[in-house]
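K.L.:
Count along the sequence shown starting at 1, add 1399, and that's the number in the working numbering. After the structure tokens below, expect a handful of questions from me.
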Amino acid sequence: MIELEEKLYELELGPDGVLWKTRKGSTTLPKPYCKEHLAPVHPEDNETLICLKGHESFDLWAPYTAHQGYVRDLINSQKLSELAVVRIDTEGAPVLAKEKEQTNQDYWIESKLRDTKKGLELMVQVGKRDSTGKKVQLFVDLPAERLGFDKSHKDNHPSGLFSEVRAVFKSSETEIRNKAGVAESDSGNS
């Protein structure tokens, strides 16, 4: 079992002069200590702590156990930034494979292979790192032998980033191309 390191934490919201001893990730409530005397402080009443060594009192802004719980949750929330975010879609399809590639700081690309009710679908998202946050979102529907894209106002048309995008299937091919600034979509059989 890995033992996490105990630390003393000082809460910006106060009370000033109180440190909280705990382990990050712990589910137990932290214990308060007087910062000046490094001595435990005890609840005098539900909203006041007292240091018996220095006879100092500290006013809490919430009832004692609520304050302890808040301090514990605040310390543990520092670990949240390290966790992966998992998107849960009630209508979404399970992702079978996912790949993310970054070789250029200005652009990013992510691809996902999903198992939808209709069959396998490849989703490719491509974007430029800028303040708009817009991306090109392409869908390759394998059972329907169709190439499509997200037409949402939140996303860019593929012709804004690519000159041509083409998917070649067993019995057909589809392409999206930008000819002289005009976006076209063509679907045909080979």
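Glycine residues also receive a C-beta, built at the ideal position from the N, C-alpha and C atoms. Values in this document were obtained by computation on a predicted structure and should not be read as measured data.
Note down the Cα distance separating V1525 from D1505, rounded to an integer number of angstroms.
P.N.:
By one-based count along the sequence shown, residue 1525 stands at place 126. By one-based count along the sequence shown, residue 1505 stands at place 106. Their backbone Cα atoms lie some 11 Å apart in a straight line.
K.L.:
Give the range of the beta strand (DSSP E) segment to which A1496 is assigned.
P.N.:
Numbered from its first residue, the sequence shown carries residue 1496 at position 97. Element bounds for A1496: 1494–1500.
K.L.:
What residue does the alpha helix (DSSP H) around P1461 start on, and which one ends it?
P.N.:
For the purposes of this step, residue 1461 is identified with residue 62 of the sequence shown, where counting begins at 1. Reading the sequence as shown, one finds Ala at residue 1461 and not Pro. Premise fails: A1461 is in no alpha helix (DSSP H) and is neither H nor E.
K.L.:
So, is G1416 buried or exposed, given that buried needs 16 or more other C-beta atoms within 10 angstroms?
P.N.:
Residue 1416 sits at position 17 when you count from the first residue of the sequence shown. Per the 10 Å Cβ criterion, buried.
K.L.:
Under DSSP, the beta strand (DSSP E) around R1513 begins and ends at which residues?
P.N.:
Within the sequence shown, numbered from 1, the residue matching residue 1513 stands at position 114. 1506–1515 is the span of the beta strand (DSSP E), which, as asked, contains R1513.
K.L.:
Which ranges does the beta strand (DSSP E) cover as unbroken runs of at least 3 residues, wholly within the region 1531–1560, from first to last along the chain?
P.N.:
Entirely contained in the region 1531–1560, the beta strand (DSSP E) runs reaching 3 residues are, in chain order, 1534–1540, 1545–1548.
K.L.:
Leaving out five residues on either side along the sequence, give the residues of the same chain with a beta carbon under 7 Å from the beta carbon of P1442.
P.N.:
Your numbering for residue 1442 matches position 43 in the sequence shown. Excluding residues within five positions, the ones whose Cβ falls inside 7 Å are L1448, Y1463.
K.L.:
Which residues bound the beta strand (DSSP E) around Q1477?
P.N.:
Sequence index remark: in the sequence shown, residue 1477 carries index 78 (1-based). Neither: Q1477 is in no beta strand (DSSP E) and is coded neither H nor E.
K.L.:
Measure the alpha-carbon distance for V1535 versus A1465 and round it to whole angstroms.
P.N.:
Taking the first residue of the sequence shown as 1, we reach residue 1535 at position 136. Taking the first residue of the sequence shown as 1, we reach residue 1465 at position 66. In a straight line, the C-alpha of V1535 is about 47 Å away from that of A1465.
K.L.:
Pairing CB atoms from the region 1409–1424 with CB atoms from the region 1452–1459, are three or more of them under 8 Å?
P.N.:
Yes: the two stretches touch, three or more of their Cβ pairs being nearer than 8 Å.
K.L.:
Any idea what DSSP makes of G1416, helix, strand or coil?
P.N.:
The count along the sequence shown starts at 1 and reaches residue 1416 at position 17. Three-state DSSP puts G1416 in coil, outside helix and strand.
K.L.:
Kindly indicate the opening and closing residues of the beta strand (DSSP E) around A1566.
P.N.:
Counted from its first residue, the sequence shown places residue 1566 at position 167. Unbroken beta strand (DSSP E) run through A1566: 1563–1567.
K.L.:
Between L1546 and E1574, is the Cβ-Cβ spacing less than 9 Å?
P.N.:
Within the sequence shown, numbered from 1, the residue matching residue 1546 stands at position 147. Within the sequence shown, numbered from 1, the residue matching residue 1574 stands at position 175. Yes, the Cβ-Cβ distance between L1546 and E1574 is below 9 Å.
K.L.:
Would you decide whether S1558 is buried or exposed? Buried here means 16 or more other CB atoms lie within 10 Å of its CB.
P.N.:
Locating residue 1558 in the sequence shown gives position 159, where the first residue counts as 1. By the neighbour-count rule (16 or more Cβ atoms within 10 Å), S1558 is buried.
K.L.:
Could you tell me the alpha carbon to alpha carbon distance between T1421 and E1409, rounded to whole angstroms?
P.N.:
For the purposes of this step, residue 1421 is identified with residue 22 of the sequence shown, where counting begins at 1. For the purposes of this step, residue 1409 is identified with residue 10 of the sequence shown, where counting begins at 1. Spanning the two alpha carbons is a distance of roughly 11 Å.
K.L.:
Going by Cα to Cα distance, which pick from E1563, N1555, S1551, L1473 is closest to K1423?
P.N.:
Position 24 of the sequence shown holds residue 1423. When each option's Cα is compared against that of K1423, the closest is L1473.
K.L.:
For the beta strand (DSSP E) containing K1578, list its first residue and its last residue.
P.N.:
Here residue 1578 corresponds to residue number 179 of the sequence shown, with the count starting at 1. Looking at the DSSP string, the run of the beta strand (DSSP E) that includes K1578 is 1571–1578.
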